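In the numbering used here, the protein residues as written are 111 to 357. In this text, a Cβ means the ideal position worked out from N, Cα and C, and glycines have one as well. Given the structure is predicted, the values throughout are model-derived calculations rather than measurements.
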Amino acid sequence: MNSGALQMVKVNAASLESFAPDYSLFSLPFLFRDRDHYYRVLQSDLGKKILNSSERKGFVGITYYDGGARSFYSNKPITKPEDLAGMKIRVQQSPSAIAMMKALGGVATPMAQGELYTALQQGVVDGGENNTVVYADMRHAEVAKVYSRDEHTMVPDVLIISTDVLNKLGDKERTALLKAADESMMQMKDVIWPAAEKEAYDKMKGMNATVVDVDKSAFKERVKPLYDEFKAKDAQSAKNLELVESM
């Protein structure tokens, strides 16, 4: 984007941590109580502030999109943290994702998403973690048959735009773009993502995948130190977390 090859792109918030540390808030496991809480945070003043936190890097976010809830999948159920002991789990190239896996007792294995199917098939890794749509669309259910629905993170996608491009727009164009971005967020929330999840579960059934519901309490207990570390980073991080917990 900084080279001008792209003017606008949708990315996962976890990939923005290295550009704007405020985005790391979203990668805290079990941060959101439910989907309503998730959207309250994204649409709040804090959510808007985080979108603008990358301005000095040459881009800003103009809206969030539902990225679903990420859960573990493997060829065995993962219903408690002890089940992850020694398991190599593919994670995103994100410091927060790696720290989460370490806290839960698994072995974090950063890897490109496109490499995961073969890595699962060949036993290079023992499992992955993602939302149901990716699990189904990438056909990971063919090689990792058990989807353990712990919903450890809900990391949104972000529509980002070059600040150069945004600043060149006239007031009318800018207003129209931001209005359309807000409307597209609601379309994703109310129509597109629910339909995609329904289709994903149908595909998972067709691949003979098993969905296991998980008691999240033991997982939440294991990741408490991550919250202490997050608060200790700096006063702003502590304030951001406090705001989320109060909503």
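Note down the Cα distance separating residue 143 from residue 182, rounded to an integer number of angstroms.
As a first step, residue 143 is located in the sequence shown; it is residue number 33 there, counting from the start. As a first step, residue 182 is located in the sequence shown; it is residue number 72 there, counting from the start. So the two alpha carbons sit approximately 18 Å from each other.
Length of the line joining the Cα atoms of residue 157 and residue 168:
Here residue 157 corresponds to residue number 47 of the sequence shown, with the count starting at 1. Here residue 168 corresponds to residue number 58 of the sequence shown, with the count starting at 1. Those two C-alpha atoms are separated by around 19 Å.
DSSP three-state call for residue 239: helix, strand or coil?
Looking up residue 239 in the sequence shown gives position 129. Residue 239: strand per DSSP, three-state reduction.
What ranges does the alpha helix (DSSP H) occupy inside the stretch 292-350, keeping only unbroken runs of at least 4 residues that lie completely in it?
303-316, 327-332, 334-343
My parser needs the beta strand (DSSP E) runs of 3 or more residues fully inside the stretch 202-288; what are they?
217-220, 237-240, 256-263, 267-272
Given residue 264 as reference, the closest of 139, 115, 236 once Cα atoms are compared:
Taking the first residue of the sequence shown as 1, we reach residue 264 at position 154. Residue 139 is the option with its Cα nearest to residue 264.
Please identify the residue among 201, 244, 259 whose C-alpha is closest to the C-alpha of residue 219.
Stepping through the sequence shown from its first residue, residue 219 is reached at position 109. Among 201, 244, 259, the Cα nearest to that of residue 219 belongs to 201.
Okay, do the stretch 145-157 and the stretch 222-234 touch, 3+ Cβ pairs below 8 Å being the bar?
no
Let me check one thing: in DSSP terms, what residues is residue 185 bridge-paired to?
Here residue 185 corresponds to residue number 75 of the sequence shown, with the count starting at 1. DSSP output for residue 185 lists no bridge partner at all.
Could you tell me which residues DSSP pairs with residue 121 in its beta bridges?
As a working mapping, residue 121 is identified with position 11 in the sequence shown. In DSSP, residue 121 forms a bridge with 268.
The beta strand (DSSP E) that contains residue 174, what's its start and end?
On the sequence shown, position 64 is the one that residue 174 refers to. Looking at the DSSP string, the run of the beta strand (DSSP E) that includes residue 174 is 169-175.
Does the distance from the C-beta atom of residue 249 to that of residue 324 stay below 8 Å?
The sequence position of residue 249 within the sequence shown is 139, counting from 1. The sequence position of residue 324 within the sequence shown is 214, counting from 1. For residue 249 and residue 324, no; Cβs fall outside 8 Å.
What's the call for residue 358, buried or exposed, on a 16-neighbour Cβ count within 10 Å?
The requested residue 358 is not part of the displayed model; the chain covers only 111 to 357.
Can you give the Cα-Cα distance for residue 269 and residue 294, rounded to whole angstroms?
Here residue 269 refers to the residue found at position 159 when the sequence shown is read from its first residue. Here residue 294 refers to the residue found at position 184 when the sequence shown is read from its first residue. Going from the Cα of residue 269 to the Cα of residue 294 covers about 10 Å.
Answer with buried or exposed for residue 290, where buried requires no fewer than 16 other C-beta atoms within 10 angstroms of its C-beta.
Against the sequence shown, residue 290 aligns to sequence position 180. Its Cβ having fewer than 16 others within 10 Å, residue 290 is exposed.
Are the stretch 229-248 and the stretch 124-137 touching by the rule of at least three beta carbon pairs closer than 8 Å?
no
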